[in-house]
Amino acid sequence: MLNMVERGYPRSGIHGRVVHELGREIVSGVLKQGEKLPNEAEFINRFNGSRTAIREAFRVLSAKGLLEARQRAGTRVRVRAYWNLWDPDILSWHSVSNLDEQVVRQLFELRAMVEPEAARLLAENPSKGVGVSVLEKHCHEMEQAWNEGCASKVKEAQISFHLSLIDNCENEFLVRTREAVQLILRHCQEMRPVQSIDALGTTRWYSLITEKISKGDASAATNAIRSLVISDRERMTQAGKKRLMQKNAVA
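The sequence shown lines up with residues 15 to 265 when you count with the working numbering.
Printed below as a string of structure tokens:
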């Protein structure tokens with residue numbers, strides 16, 4: 015397993031607070047792309063911080079591709095094309111319950127590429143024992159939570175399964191996608207009511223994926239995880255249509 019734990023920017027201190035609050039406002043669209051930021055004095059008053067702290071926060075956000083400072087032109091929010099979308103902070107600043115439709119589509123496309131390949135790599139890895147053990151552990155957690163009737167624990171175990179599959183694929187570039195995959199997984203779960211826990215995919219399906227990986231059946235493992243991704247996408251589409259119908263009915 016690759017040691018690829020993503021660590022976000024510290025939240026401590028005034029500059030940490032500025033980084034996360036402004037970052038969230040930029041990603042959510044409160045601060046529009048191309049918009050010029052107020053002068054430093056306004057941020058100093060808002061956050062009760064020093065000029066040094068504000069400037070340090072701006073430097074951090076600029077390094078992430080969110081801001082651009084030009085002499086005599088001020089500091090502006092950069093267009094999304096320049097954002098470092100792999101940055102764990104930028105991913106965490108997306109609202110799980112309010113993702114743009116285009117972002118949802120693109121994240122599903124990413125997941126459809128990453129997870130089947132991760133399953134193939136793990137299935138073909140001669141030293142896959144540790145990875146398989148981790149997946150089996152999460153399957154057990156799902157089953158236990160299912161028996162307890164605890165939907166939240168089932169969902170967390172499922173998230174852990176998907177991330178562990180990526181973490182143990184032994185490809186450091188694929189591992190870099192874990193935070194993006196986690197974002198779409200959490201969006202899917204956020205959009206589903208707890209009552210639909212029986213439609214989330216039974217623990218047997220996750221156990222089947224684990225079994226195929228354990229036996230080295232890469233083809234069956236990739237097909238199984240691909241089916242799970244497709245099923246998730248179809249449920250999301252149906253849920254979206256249902257919410258739209260309910261919204262129109264109220265209107």
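No residue lacks a Cβ here, since even glycine has one placed at the ideal position from N, Cα and C.
When DSSP labels each residue in this structure, what does residue i get in the three-state scheme?
i: L75; result: helix
i: R190; result: coil
i: L80; result: coil
i: V41; result: helix
i: S233; result: helix
i: Y96; result: helix
i: S241; result: helix
i: C202; result: helix
i: L36; result: helix
i: Q85; result: coil
i: L51; result: coil
i: A213; result: For A213, the predicted structure reports a pLDDT of 43, less than 50, and the residue's modelled location is therefore unreliable. A value from the coordinates is still provided. Note: A213 maps to helix in three-state DSSP.
i: R25; result: coil
i: E70; result: helix
i: E248; result: helix
Take residue i and list the residues in its own chain whose beta-carbon comes closer than 7 Å to its own, dropping the five residues that flank it on each side.
i: R94; result: Q47
i: L199; result: I173, H176
i: V74; result: Y23, V33
i: S106; result: G22
i: A159; result: K167, V168, A171
i: A234; result: K226
The beta strand (DSSP E) spanning residue i covers which residue range?
i: R90; result: 88 to 91
Return the chain-ordered list of same chain residues with a C-beta closer than 6 Å to the C-beta of residue i, the five sequence neighbours on each side being excluded.
i: E70; result: H29
i: F57; result: I68
i: H201; result: V110, L113
i: G63; result: I28
i: E157; result: T217
i: L222; result: A238
Excluding the 5 residues preceding and the 5 following residue i in the sequence, name in chain order all residues of the same chain whose CB lies nearer than 8 Å to its CB.
i: H152; result: A171, Q172, S174, F175, S178, Y220
i: L188; result: V128, E131, A132, L135, I180
i: K78; result: G37, W97, N98, D101, D103, I104
Going by DSSP, what residue range makes up the alpha helix (DSSP H) through residue i?
i: Y220; result: 217 to 228
i: A55; result: 54 to 61
Based on DSSP bridge pairs, tell me the residues matched to residue i.
i: K46; result: DSSP lists no partner for K46.
Within the segment 98 to 179, ranges of the alpha helix (DSSP H) (whole runs, at least 4 residues): 102 to 106, 115 to 138, 143 to 162
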